[in-house]
Amino acid sequence: MKFNVIKVYISLTAIIVLEVLLIYLSVSAMYMVSEWLSVLYVPLLIYALHRTYALCVVHLQPLISGDDANLLLLQYYQDYFENDDPKWLDMQAKMGCCGLSGPQTYLDYLRKVPAVCYRQGVLVTRGCEYVVYDAFQGVHQLSKLLIWLALGIELVTLLLYMRLIIRKYRYLICRIIVAYNDFKRY
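Take the sequence shown: its position 153, counted from the start at 1, is 157 in our numbering, and no numbers get skipped.
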């Protein structure tokens, strides 16, 4: 679970860094290569935009899901009730929660509420499902923001590159017209 979250953020960060390099290289390449070759770069930018969308939205974003976190919680919870595994109690102590949906979880199974569910003598009433949901909601929002930031950077790169190409060809056409008029005069 933790590995998937780390993998998604490393991938998104790498995509954004590569896009910044793409902007620099595309503008540099435009002035270094011949005129017709710079136009061939536009389909490459469109393809990169499509692949980034497919990679981020279709493949990476589902890796971070609250369902996986809930399944992990259920697994720890079942291991605790079936095998007295202490991972569940340790997790409750770290997260500051009690039971799946609150202390009622223990009472439903006619069990005593463990000591970890008390903070300075007061019963913690917040369930671990809610704590995990709140934590992963922020992760989801951040991943969506990074995905749309990456796509936005690529779109801006494409638009700026198109603007530079139009400006370059406008300059070349004006230069050809001036050269033709000078040639006609003589």
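For glycine and all other residues, C-beta sits at the position ideal for the given N, C-alpha and C.
Quantities reported herein were computed from a predicted structural model and do not represent experimental measurements.
1) Count the other C-beta atoms from every protein chain shown that fall within 10 angstroms of the C-beta of residue 73, then say buried if there are 16 or more, exposed otherwise.
2) Taking buried to mean at least 16 other C-beta atoms within 10 Å of its own C-beta, is residue 114 buried or exposed?
3) Go ahead and pull the three-state DSSP assignment for residue 120.
4) In chain order, which continuous runs of the alpha helix (DSSP H) of length 4 or greater are located wholly inside the region 55 to 103?
5) Nearest to residue 118 by CA position, among 138, 136, 16 and 97, is which residue?
6) To the nearest whole angstrom, what separates the beta carbons of residue 99 and residue 80, a pair I think is in contact under 8 angstroms?
7) Less than 8 angstroms separating the beta-carbons of residue 76 and residue 107?
8) Along the chain, where does the alpha helix (DSSP H) containing residue 147 start, and where does it finish?
9) Counting along the chain, where does the alpha helix (DSSP H) carrying residue 113 start and finish?
10) Would you tell me roughly how many angstroms separate the C-alpha atoms of residue 101 and residue 134, rounded to the nearest one?
11) Quick one: is residue 131 buried, meaning 16 or more other Cβ sit within 10 Å of its Cβ, or exposed?
12) Any idea which residues DSSP pairs residue 127 with across the strands?
Here's the rundown:
1) buried
2) exposed
3) helix
4) 70 to 87 and 91 to 99
5) 97
6) That belief does not hold up - the Cβ atoms of residue 99 and residue 80 are roughly 11 angstroms apart, past 8 angstroms.
7) no
8) 132 to 189
9) Where residue 113 is concerned, there is no enclosing alpha helix (DSSP H), given that its DSSP letter is neither H nor E.
10) 9 angstroms
11) buried
12) 122
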